[in-house]
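The opening position of the sequence shown corresponds to residue 1206 in the numbering used here, with each subsequent residue numbered one higher.
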Amino acid sequence: MRHELDNTRIPQHIAIIMDGNGRWASERGKERSFGHQAGVDTVRRITSECVRLGVKFLTLYTFSTENWSRPADEISALMGLVLSSLEDEIFMKNNVRFQVIGDMGRLPQEVQQKLRETMEHTAHNTAMTMVVALSYSSRWELTKAARELAQAVKAGTLQPEDIDENLIGGRLETAFMPDPELLIRTGGEVRVSNFLLWQIAYSELYFCDTYWPDFDEQDLHRAIASYQARQRRFGKTGGQIESGE
Ligand code: IPE
Ligand code: IPE
Ligand code: MG
């Protein structure tokens, strides 16, 4: 079934928790890393489709702070995939700017270097920004922001009464982009796993059972169609929204 999308109401920012790679591989009797490899192909397809649809920011949860407790061989397979996938021509071909959020200092030197190069290399691309969350967790990010604000107060450059939501939002890794209108999680789990807790305060959430390697353009359209069918009320009544108040 085709999902008719309203092209005037495509989310500007879509965030995705790309889950299910390991189970996808296990069901095929393969190593988990085989699933991660297949997941990279999905990233490529979904990135192109987001550009085609006119999405401006695509944030992909790629490796969480908690994922550091996975087996060492899986972590190194994931780091290897990050490195090799950054070689891709996907960014230049699709005019996509590349950005990273997360604790980059914890990543292997070689990966940090490649990430920096890719950011520089793609800095002038304008169709869409792909944001990869690596060694990222929301509590890490919020804790860092709180510490920085406390230091500014201590140094006398900030008054506690000047701390407001904009100031906090501006201290987060995501300060350069709007909050996501739509958060998608693949792979069947209905949880947020420490991703963008502040930023998804009013996002529409969409969960599907499809494992990330199987998630395709149709699934993306289904998620956007679901988003477009909802009334975003932001605390108001449905009547107020309808009358454009
Ligand atoms: C998501 O797939 C990718 C990462 C967390 C790196 P998983 O590896 O979590 O796959 P499942 O959830 O075990 O199937
Ligand atoms: C969330 O997936 C993190 C990423 C997709 C990178 P996990 O598979 O690590 O999530 P939990 O731990 O099962 O919630
Ligand atoms: Mg998982």
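Ideal placement from N, C-alpha and C gives every residue a C-beta, glycine not left out. No experiment lies behind these values; they were computed from the predicted model shown.
Backbone secondary structure at residue i - three-state DSSP
i                  : result
leucine 1291       : coil
arginine 1302      : strand
leucine 1377       : coil
phenylalanine 1239 : helix
serine 1408        : coil
arginine 1220      : The sequence as given places alanine at residue 1220; arginine does not occur at that position. In this structure, alanine 1220 counts as strand in the three-state DSSP scheme.
tyrosine 1416      : coil
alanine 1434       : coil
threonine 1264     : strand
isoleucine 1429    : helix
isoleucine 1368    : coil
valine 1358        : helix
isoleucine 1389    : strand
serine 1269        : strand
leucine 1339       : strand
methionine 1382    : coil
threonine 1323     : helix
threonine 1252     : helix
threonine 1442     : coil
threonine 1454     : Since the first residue shown for the chain is 1206 and the last is 1450, residue 1454 is missing from the structure and cannot be characterised.
threonine 1331     : coil
arginine 1228      : helix
asparagine 1212    : helix
tryptophan 1403    : coil
leucine 1363       : coil
Residue j beta carbon less than 8 angstroms from that of residue i
i               : j              : result
alanine 1332    : valine 1256    : yes
isoleucine 1295 : threonine 1252 : yes
lysine 1319     : leucine 1291   : yes
tyrosine 1416   : glycine 1234   : no
tyrosine 1266   : alanine 1338   : yes
serine 1274     : serine 1342    : no
isoleucine 1368 : valine 1336    : no
isoleucine 1219 : valine 1245    : no
glycine 1444    : glutamine 1436 : no
Cβ-based neighbour list, residue i, same chain, cut-off 6 angstroms, excluding 5 preceding and 5 following
i               : result
arginine 1438   : Ile1446
glutamate 1346  : Leu1377, Glu1378
methionine 1324 : Phe1303
threonine 1264  : Ala1220, Val1336
aspartate 1414  : Gly1393
Identity of the residue in the options nearest residue i by Cα
i               : options                            : result
alanine 1243    : Asp1419, Asp1424, Glu1450, Thr1391 : Asp1419
isoleucine 1221 : Phe1239, Asp1211, Phe1262, Asp1246 : Phe1262
threonine 1489  : Asp1424, Asn1300, Val1316          : Residue 1489 is absent from the model: the chain starts at 1206 and stops at 1450.
tryptophan 1403 : Asp1384, Asp1421, Gly1444, Val1395 : Asp1384
leucine 1387    : Asp1369, Phe1412, Phe1381          : Phe1412
arginine 1249   : Gly1227, Met1297, Asn1212          : Met1297
valine 1316     : Asn1330, Ser1289, Asp1293          : Ser1289
proline 1216    : Leu1410, Gly1449, Leu1283          : Leu1410
aspartate 1308  : Gly1374, Thr1264, Lys1349          : Lys1349
arginine 1311   : Glu1322, Thr1264, Glu1271, Met1382 : Glu1271
leucine 1371    : Ala1380, Gln1364, Pro1365, Asp1421 : The question names leucine, but residue 1371 is asparagine in the sequence shown. When only C-alpha atoms are compared, the closest one is Ala1380.
methionine 1382 : Met1284, Ala1360, Leu1401, Arg1435 : Leu1401
Proximal residues to residue i (C-beta, below 8 angstroms), its chain only, five neighbours per side dropped
i              : result
leucine 1210   : Leu1258, His1426, Ile1429, Ala1430, Gln1433
aspartate 1293 : Arg1249
histidine 1208 : Gln1423, His1426, Arg1427, Ile1429, Ala1430
glutamate 1353 : Arg1376
alanine 1277   : none
Own chain partners of residue i with C-beta closer than 7 angstroms, once the 5 adjacent residues on each side are dropped
i              : result
arginine 1344  : Asn1399
arginine 1390  : Ile1222, Asp1224, Phe1412
glutamate 1236 : Ala1230
glycine 1227   : Arg1237, Gly1240
threonine 1247 : Trp1417, Pro1418, Phe1420
alanine 1357   : Leu1363
glutamate 1254 : Glu1422, Leu1425
C-beta neighbour in chain B for residue i, strict 8 angstroms
i               : result
methionine 1335 : In the structure shown, chain B does not exist; there is a single protein chain.
Under 6 angstroms, CB to nearest heavy atom of ligand 2: contacting residues: Checking every Cβ against the heavy atoms of ligand 2 under 6 angstroms gives Ile1222, Met1223, Asp1224, Tyr1266, Thr1267, Phe1268, Ser1269, Glu1271, Asn1272, Glu1394, Arg1396, Ser1398.
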